[in-house]
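Colleague: Numbering (my numbering), first residue to last: 115 to 1327.
Ideal Cβ positions, reconstructed from N, Cα and C, are used throughout, including at glycine.
Here you go, one structure.
Structure, rendered in structure tokens:
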């Protein structure tokens, strides 16, 4: 297929796909139909399993425009194929935002503005006379429409498709849509609902049964029935039915759970604006992008994504973010610089109400309604994305499963040899054709074990149960095995490594231009009138919800420390007054008189001429993580002028203050606190000109207010590290698992927390990579700042003092020997990924602290780490971690909210002690999977060897012998050997990740050879015995009584033609039965990943029981059992010989396995001369490269420029 014929849809997005067009081809369909008839439907199954063959086999390639069937392939590493049918829709226009008159008489109301070019407009008008035919297809609950201009299919998301600016949202989209235009847009966007259809049981059953494995089982059952192995066939059918029923129950339950989660509150009644004044009630399912909805006073659950254009809302976004702290959403700016920018949901999320989030209350002034413009609906919304990622998860790419298929292919290859051998042998012995076909196919069913998937799943199910007992819940069990391979875990900081809230440790005010001693109380009467306390009481975004103060935990702690009271205007007050009634804060009543009596003019930092202590908050500039600050404009009751208060990161606030108001000891004081891990916030104040009116303040930009401030002092908050954090991180380090911190907090705090919890140890250096984007003809650059503990801490945006960096880089060797860590901020990470792509992998190899990271950057970091072959775990408490939790190989959420649905694991304990538990269980489950797989492979091969040897004398194992081996031995052993719990400690070694690894294959091959040698030995020895003869019902090798003999005669006569009863069969049955048990015990390893075998009681009891039973029937034959199992009586001496053979076999198996564990790897390395082989994983390869790089890490006080990636230019700092 020529690459020119490939089109890309969703370019640059997570679900990017290549698409090819096809149309049906009659002659190909006829050929496939004939092939399906000839193959008994097998060809149809093959085409069902391989969609690309299905399409190419029945259609011919054509252009996308003329296609009737599409072939889609994802561009990620999984390269999944999908087929999609193209449908045709009739519509009066070609695009949802085409602007035209739907009826010549009805002029569209304002708000449907013209966003199309004139050609589109013309086309729209023309469409009334002749409806346009639009081709579209649906894939993963999303519709893609054909675009004649781009000659490709495209996805319509919503209002963002027309590149609206914030100002045009106000001017062109604020009045609502007419009913007709709404109906027209609904043709494209569909009903506004996230519909999770629960498939019928019949559909699910068909899908499950058409699994290749069950088809193979069906083939096996038919074959066994043809051989009259009815009992065994029935047992396998019974097992399969249970397996399918369990699987169906689980899948159905998950669908129902998801449906219920999504269906709750998804359809509500909403008030929609029609034109300028008309308001009508409508169902939320009717909404389309461009509709204007009214948010009721008492709030609602949002049925769509919408941007606020009037009023303010307080919203609980825990459904999306996992954080239950309500956030305040304000209306989209209509004036100024920001209003001219293009509306982007991610960038403007402070103004956007997301689908599924709960609007708790609204605020509006002078009787105006709170309005929002619908931006996205249905599966295009944020909630829709979350649901789609659960409905259509990416396949779990784990080496174990790929290797399992390869291993099965090897077994099929072995079966092929047996297949040919059986045919040749049977023809030479002139066996009837029917018997040849059945017996040769039987060899294939023996080699591929039917109970393999069930046995492999058992280990995971047991691990899932054990995890549930320690409070870890799992929605993706396949990932438990992945946890066993984790070699790097990323941790969020706040709420994960540290406690959720912050405690106020103390305050340090400015007196006469220098710091006064720290004070623990801010609510002292002497401070009531101080600007410092006024700033603490007003500079926040708190609000009252049902009488309770709510908002950011830091703001809550700060405000409650003042002891002041917050009062909000009631609806009546806002309706009565034309100007905004401000939120008012005031000290508690008992504090006012004493405060008034004190001299108001005592100190320059106190406010003069206090008539009252009440302060009204006139305007808020909300906290911005980009600016690292927030501010408010307030007016004290009775004052003519307004005041501005500011709080934020100390370095930022100090820069915005008049330099003479910042104490000279500012840097040292700040370092003293940050070095101890305190979170420090600085406060500042400015008196505004008295001529500033309320209206003027509302339109002022924050830059004009946040300047020339007076420094007030510091608030010192304590963010305590959780008790368990340090111990868990130490345990992970001992287990050779790398730990990183990925936080939205500032660099300074992150580094000190990393040091306190042991992520960065005392003697280790931290190198801050501070990157700056290109500006004014200067290329992008990275400045490398070295920090040392405890002598210094580097500030977020200022360079390090030179004297601290001197002498840090005395010798090159010293630095190479010493451990170092990089610390990177979100801003620097963005610059480095864009302008220094060659440094990204080098940097993440030794980076430990990532601060000020945005949610999408967290996900990006996980992907970079995965690109250098790390198996990444991510532990966070929801919020902005959702993407990273999903993208990581194993995401662990410490939140019990709905957001945890997006992560495979959820821990009910809110600390990181769940991480080692999960890794231990993952390692145990992984080793269990290897044990079970090796055991099942050996079981197939042992049975294959027995049957192949018996075929040479035209014999076979009996139906009840197969039944006894497969049910009594294999099933019991396979299901109980998985019950070993995890080992109590995390060890430095990691379990192997691949089945196709040298030691593992060596182990399997040595055991196969051992079994082969002892089976052949027993087979040949029995034929050398003096009493040996071709067995007949009259044979009497061990002088059985006549009654027992006659009983034997009666039972065997119907089966005579199968030649089951003979000495070779009996000998091989005994030997192979003991071999199954021997390999099961040999493969059931305990330490260092699982508890020892003797702690697995069910397994030990099963082995002891089976050994006792087999030795009993071997040494003291019971005629009834002999008759049932179709074994013949052999002399006592031969039985003793068999016991010796079995014991020696077990001993050899055990010794070979021990030898393989100890010396297998080194022997294989020596054998294949691979002692100095380069590591296969990229991060180790990179580490070796960097060891020889004399320029890495960069020297202190140097700058790396994007234009010259190799040079480190010394720059005076």
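(1) How about the stretch 1078–1098 and the stretch 1035–1047: do they share at least three Cβ pairs that are nearer than 8 Å?
(2) Assuming residue 388 and residue 736 form a contact by the criterion Cβ under 8 Å, report the distance between their Cβ atoms to the nearest whole angstrom.
(3) So, do the stretch 521–528 and the stretch 480–490 have three or more beta carbon pairs nearer to each other than 8 Å?
(4) DSSP three-state call for residue 952: helix, strand or coil?
(5) On the DSSP bridge list, what partners appear for residue 482?
(6) Taking DSSP as the reference, what is the three-state secondary structure of residue 1078?
(7) With a threshold of 16 other CB atoms inside 10 Å of the CB of residue 496, please say whether the residue is buried or exposed.
(8) With three or more C-beta pairs closer than 8 Å as the rule, is the stretch 833–843 touching the stretch 863–877?
(9) Could you give the C-beta distance for residue 402 and residue 394, rounded to a whole number, given that I count them as a contact under 8 Å?
(10) Can you tell me which of the three DSSP states residue 309 falls into?
(11) Could you give the distance in angstroms between the alpha-carbon of residue 355 and the alpha-carbon of residue 551?
(12) Does the structure place the stretch 818–833 close enough to the stretch 782–800 that three or more beta carbon pairs sit under 8 Å?
(13) Let me know the alpha helix (DSSP H) ranges lying completely inside the stretch 325–377, each 4 residues or longer, listed in chain order.
(14) By the 10 Å Cβ neighbour count, where 16 or more other Cβ atoms means buried, how is residue 134 classified, buried or exposed?
(15) Can you check DSSP and say which residues form a bridge with residue 882?
(16) Should the stretch 1029–1041 be called in touch with the stretch 591–602, which here means at least 3 C-beta pairs below 8 Å?
(17) Look up residue 248 in the DSSP assignment and give the residues it is bridged to.
(18) For residue 777 and residue 466, I'd like the C-alpha separation in whole angstroms.
(19) For the stretch 1136–1148 against the stretch 1257–1267, are there 3 or more C-beta pairs whose distance is under 8 Å?
(20) Enumerate in chain order the residues of its own chain whose CB-to-CB distance from residue 1003 is below 6 Å, with the five nearest sequence positions on each side excluded.
(21) Between the alpha carbons of residue 975 and residue 982, how many angstroms are there, rounded?
(22) Which class does residue 395 belong to by DSSP, given the choice of helix, strand or coil?
(23) Counting only the same chain and skipping the five closest in sequence on each side, list residues whose C-beta sits under 6 Å from that of residue 1189.
(24) How far does the beta strand (DSSP E) with residue 1004 in it reach, from first residue to last?
(25) Consult DSSP for residue 819 and reduce its assignment to one of helix, strand or coil.
(26) Within 10 angstroms of its Cβ, does residue 152 collect 16 or more other Cβ (buried), or is it exposed?
(27) Going by alpha carbons, who is nearest to residue 376 out of 751, 505, 564?
(28) With DSSP as the reference, identify every bridge partner of residue 136, one or two as the case may be.
(29) Only counting the same chain, and skipping five residues up and downstream in sequence, which positions put a Cβ closer than 8 Å to that of residue 136?
(30) Pull up the distance between the alpha-carbon of residue 1070 and that of residue 1248, whole angstroms please.
(31) What is the DSSP secondary structure of residue 487, reduced to helix, strand or coil?
(32) Could you pull the DSSP bridge partners for residue 824 from this structure?
(33) Exposed or buried, which one is residue 792 when buried takes at least 16 other CB atoms within 10 Å?
(34) On the DSSP bridge list, what partners appear for residue 990?
(35) Over what stretch of residues does the alpha helix (DSSP H) that includes residue 870 continue unbroken?
(36) For residue 124 and residue 188, what's the separation of their Cα atoms in angstroms?
Modeller: Walking through what the data contain:
(1) Taking 8 Å as the limit for Cβ pairs, the verdict is that the stretch 1035–1047 does touch the stretch 1078–1098.
(2) Numbered from 1 along the chain shown, position 274 holds the residue referred to as residue 388. Numbered from 1 along the chain shown, position 622 holds the residue referred to as residue 736. Their Cβ separation, rounded to whole angstroms, is 33 Å, which puts residue 388 and residue 736 out of contact at 8 Å.
(3) no
(4) Locating residue 952 in the chain shown gives position 838, where the first residue counts as 1. It is helical.
(5) Reading the chain shown from its first residue, position 368 is the one you call residue 482. Answer is none; residue 482 lacks a bridge partner.
(6) Stepping through the chain shown from its first residue, residue 1078 is reached at position 964. Correct three-state label for residue 1078: helix.
(7) Reading the chain shown from its first residue, position 382 is the one you call residue 496. It counts as buried.
(8) yes
(9) Position 288 of the chain shown, counted from the start, is the residue given in the question as residue 402. Position 280 of the chain shown, counted from the start, is the residue given in the question as residue 394. Not really, about 15 Å apart at Cβ, beyond 8 Å.
(10) On the chain shown, residue 309 is found 195 positions in, with the first residue counted as 1. Coil at residue 309, not helix or strand.
(11) Taking the chain shown and counting its residues from 1, one reaches residue 355 at position 241. Taking the chain shown and counting its residues from 1, one reaches residue 551 at position 437. Rounded to the nearest angstrom, the two C-alpha atoms are 28 Å apart.
(12) yes
(13) 326–340, 344–377
(14) Locating residue 134 in the chain shown gives position 20, where the first residue counts as 1. The residue in question, residue 134, is buried, as its Cβ has 16 or more Cβ neighbours within 10 Å.
(15) By one-based count along the chain shown, residue 882 stands at place 768. In DSSP, residue 882 forms a bridge with 899, 937.
(16) yes
(17) If you number the chain shown from 1, residue 248 lands on position 134. Paired residues: 203.
(18) For the purposes of this step, residue 777 is taken as the residue at position 663 of the chain shown. For the purposes of this step, residue 466 is taken as the residue at position 352 of the chain shown. Using only the alpha carbons, I get a separation of about 41 Å.
(19) no
(20) The residue labelled residue 1003 in the question sits at position 889 within the chain shown. Exclusion of the five residues before and after residue 1003 leaves 596, 985, 986 as the residues of its chain whose Cβ lies within less than 6 Å of its Cβ.
(21) As a position in the chain shown, residue 975 is number 861, starting the count at 1. As a position in the chain shown, residue 982 is number 868, starting the count at 1. The alpha-carbon atoms of residue 975 and residue 982 are separated by roughly 11 Å.
(22) Counting from 1 along the chain shown, the entry for residue 395 is found at position 281. In this structure, residue 395 counts as strand in the three-state DSSP scheme.
(23) Against the chain shown, residue 1189 aligns to sequence position 1075. Same-chain partners within the cutoff: 1056, 1125.
(24) Residue mapping note: residue 1004 aligns to position 890 of the chain shown, counting from 1. First-last of the beta strand (DSSP E) with residue 1004: 1004–1007.
(25) Residue numbering aside, residue 819 sits at position 705 when the chain shown is read from its first letter. Three-state DSSP puts residue 819 in a helix.
(26) As a position in the chain shown, residue 152 is number 38, starting the count at 1. The residue in question, residue 152, is exposed, as its Cβ has fewer than 16 Cβ neighbours within 10 Å.
(27) Position 262 of the chain shown, counted from the start, is the residue given in the question as residue 376. For residue 376, the nearest C-alpha among the options comes from 505.
(28) The residue you call residue 136 lines up with position 22 of the chain shown. In DSSP, residue 136 forms a bridge with 175, 183.
(29) Counting from one through the chain shown, the residue named residue 136 turns up at place 22. Same-chain partners within the cutoff: 169, 170, 173, 174, 175, 176, 181, 182, 183, 184, 185.
(30) As a first step, residue 1070 must be located in the chain shown, where it is residue number 956. As a first step, residue 1248 must be located in the chain shown, where it is residue number 1134. Rounded to whole angstroms, residue 1070 to residue 1248 spans 21 Å at the Cα level.
(31) Working through the chain shown from its first residue, we reach residue 487 at position 373. Strand at residue 487.
(32) For the purposes of this step, residue 824 is taken as residue 710 along the chain shown, with counting starting at 1. Answer by DSSP bridge pairing, in chain order: 799.
(33) Sequence index remark: in the chain shown, residue 792 carries index 678 (1-based). Classification for residue 792: buried.
(34) Here residue 990 refers to the residue found at position 876 when the chain shown is read from its first residue. Looking at the DSSP output, residue 990 bridges to 1007.
(35) Numbered from its first residue, the chain shown carries residue 870 at position 756. Residues 861–870.
(36) Sequence index remark: in the chain shown, residue 124 carries index 10 (1-based). Sequence index remark: in the chain shown, residue 188 carries index 74 (1-based). Taking the straight line from one Cα to the other gives about 10 Å.
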